[in-house]
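*Asks:* Sharing a structure with you now.
In the numbering used here, the protein residues as written are 40 to 378.
Here it is as structure tokens:
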């Protein structure tokens with residue numbers, strides 16, 4: 040009941056503030072409309088039908104994301120992201136912080152931040168759930184980092200415009216709990232970095248290549264590499280290919296996924312993803328392979344509907360056919376998402 044009242048208050052405040060916010064502080068950047076201050080609520084409604092995960096079948100609120108952000112002064116801006124998830128019994132909600140941080144602004148080529156945030160390891164981990172390319176995270180991300188990913192408290196620095204404006208490198212020192220990564224329930228320090236290079240080519244081609252690494256108190260290391268190739272074929276027709284590989288040294292867990300996306304009309308996209316976990320030679324858990332296909336209707340920056348079918352096959356003989364249907368809506372102005 041307490042969580043419900045908090046949710047009701049936040050949504051009411053967001054809705055009442057949105058009209059005024061649309062009139063002031065609006066700007067346009069490369070990713071769509073930008074507002075200052077930001078007060079919004081994004082919610083994901085999910086229908087799930089699985090052959091083996093029957094307890095999750097049916098409709099539920101996948102996530103509600105409340106976002107509050109503003110320019111603090113000439114040096115700093117701050118953002119707060121609160122996540123609200125409906126539990127499996129469909130009667131209770133879990134409220135938890137995803138991002139609570141401040142960061143610098145108007146410092147040439149450098150950005151400092153402090154607080155709780157999604158760690159920049161790999162291409163996928165720093166994405167919020169409404170911004171996932173598919174409805175669920177890749178298998179290797181779930182296996183290494185769990186359902187909520189790496190989401191720790193600490194310090195971060197971004198050094199932009201490396202090598203003639205074609206790259207960026209991020210360093211972070213954070214502390215947090217993650218049972219899948221550390222294999223216990225204690226707080227541990229984690230130091231991670233991510234570098235990505237960006238190259239524009241003729242005929243509307245561009246390429247991004249990323250490299251990630253991390254070390255921790257009880258973990259000898261993580262590493263990853265990712266690639267993102269984009270080709271604009273014609274107005275409202277776009278082809279995108281993504282690939283990511285990640286590994287964990289201590290227990291030699293490795294996996295990858297590849298992702299193809301074709302925008303065939305202004306608001307419509309068709310996507311396919313292949314997941315594989317079990318590249319290591321001495322694997323304890325069964326190898327898993329997953330094929331996913333999804334069609335998306337994305338009429339605006341603030342809404343989307345997606346239908347996904349996936350087939351999972353494990354080395355121990357277990358298989359699953361799964362259908363997911365997701366509705367994505369936003370109340371109030373916020374930074375635009377891009378799938």
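A virtual CB, placed ideally from N, CA and C, is assigned to each residue, including glycine.
Buried or exposed: which applies to residue 293, given that a residue is buried once 16 or more other Cβ atoms fall within 10 Å of its Cβ?
*Replies:* Burial call: buried.
*Asks:* Would you call the stretch 170 to 180 and the stretch 245 to 262 in contact, with 3 or more CB pairs under 8 Å?
*Replies:* Counting Cβ pairs under 8 Å, fewer than three are found: no touch.
*Asks:* Reducing DSSP to helix, strand and coil, say where residue 159 ends up.
*Replies:* Of the three classes helix, strand and coil, the one that applies to residue 159 here is coil, per DSSP.
*Asks:* Report the rounded CA-to-CA distance for residue 219 versus residue 226, giving the unit in angstroms.
*Replies:* Cα to Cα, residue 219 sits roughly 13 Å from residue 226.
*Asks:* Am I right that residue 193 and residue 211 are in contact with their C-beta atoms under 8 Å? What's the rounded C-beta distance?
*Replies:* The pair is a contact, with the Cβ atoms about 6 Å apart (cut-off 8 Å).
*Asks:* To which residues of the same chain is residue 213 closer than 7 Å at the C-beta, ignoring the five residues directly before and after it?
*Replies:* Within the same chain, residue 213 has close Cβ partners 158, 191, 192, 193, 229.
*Asks:* With respect to 8 Å, is the separation between the Cβ of residue 186 and the closest non-hydrogen atom of the ligand GTP below this value?
*Replies:* Here there are no bound small molecules, and the ligand GTP is not part of this structure.
*Asks:* Hey, quick one: how far does the alpha helix (DSSP H) through residue 179 stretch, first residue to last?
*Replies:* Note, residue 179: alpha helix (DSSP H), 178 to 184.
*Asks:* Any idea if residue 25 is buried or exposed, counting beta-carbon neighbours within 10 angstroms, 16 or more meaning buried?
*Replies:* Because the chain is modelled from 40 through 378, residue 25 falls outside the range shown and cannot be assessed.
*Asks:* With DSSP as the reference, identify every bridge partner of residue 136, one or two as the case may be.
*Replies:* For residue 136, which the question treats as bridged, DSSP gives the partners 121.
*Asks:* Taking the CB atoms as reference points, tell me whether residue 127 and residue 95 lie closer together than 9 Å.
*Replies:* Cβ atoms of residue 127 and residue 95: closer than 9 Å.
*Asks:* Count the other CB atoms within 10 Å of the CB of residue 365; is the residue buried (16 or more) or exposed (fewer)?
*Replies:* With 16 or more Cβ atoms within 10 Å of its Cβ, residue 365 is classed as buried.
*Asks:* Please list, in chain order, all residues of the same chain as residue 217 whose beta carbon is under 7 Å from its beta carbon, the five residues on each side excluded.
*Replies:* The answer, listed in chain order, is 184, 185, 189.
*Asks:* Can you have a look at residue 253 and say buried or exposed, based on whether 16 or more other CB atoms are within 10 angstroms of its CB?
*Replies:* Burial call: buried.
*Asks:* With 16 as the cutoff for other CB atoms within 10 Å, does residue 356 come out buried or exposed?
*Replies:* So residue 356 ends up on the exposed side.
*Asks:* For residue 61, collect the residues of the same chain with a Cβ closer than 7 Å to its Cβ; drop the 5 residues on either side in sequence, then sort them by chain order.
*Replies:* Reliability of the predicted coordinates at residue 61 is poor, the pLDDT of 42 falling under 50, and no value is obtained from them.
*Asks:* What's the C-alpha gap between residue 145 and residue 98?
*Replies:* Distance between the alpha carbons of residue 145 and residue 98: 44 Å.
*Asks:* State the DSSP-derived secondary structure class of residue 250, mapped to helix, strand or coil.
*Replies:* DSSP places residue 250 in strand when its eight states are reduced to three.
*Asks:* If you measure between the beta carbons of residue 178 and residue 315, is that distance less than 9 Å?
*Replies:* For residue 178 and residue 315, yes; Cβs fall inside 9 Å.
*Asks:* Hey, residue 138 and residue 120 are a contact pair by Cβ (cut 8 Å); roughly how many whole angstroms apart?
*Replies:* Between residue 120 and residue 138 the Cβ distance is about 4 Å, and since that is below 8 Å, they are a contact.
*Asks:* In whole angstroms, give me the CA-to-CA distance for residue 81 and residue 122.
*Replies:* Distance between the alpha carbons of residue 81 and residue 122: 10 Å.
*Asks:* Kindly indicate which three-state DSSP category residue 130 falls into: helix, strand or coil?
*Replies:* Three-state result, residue 130: coil.
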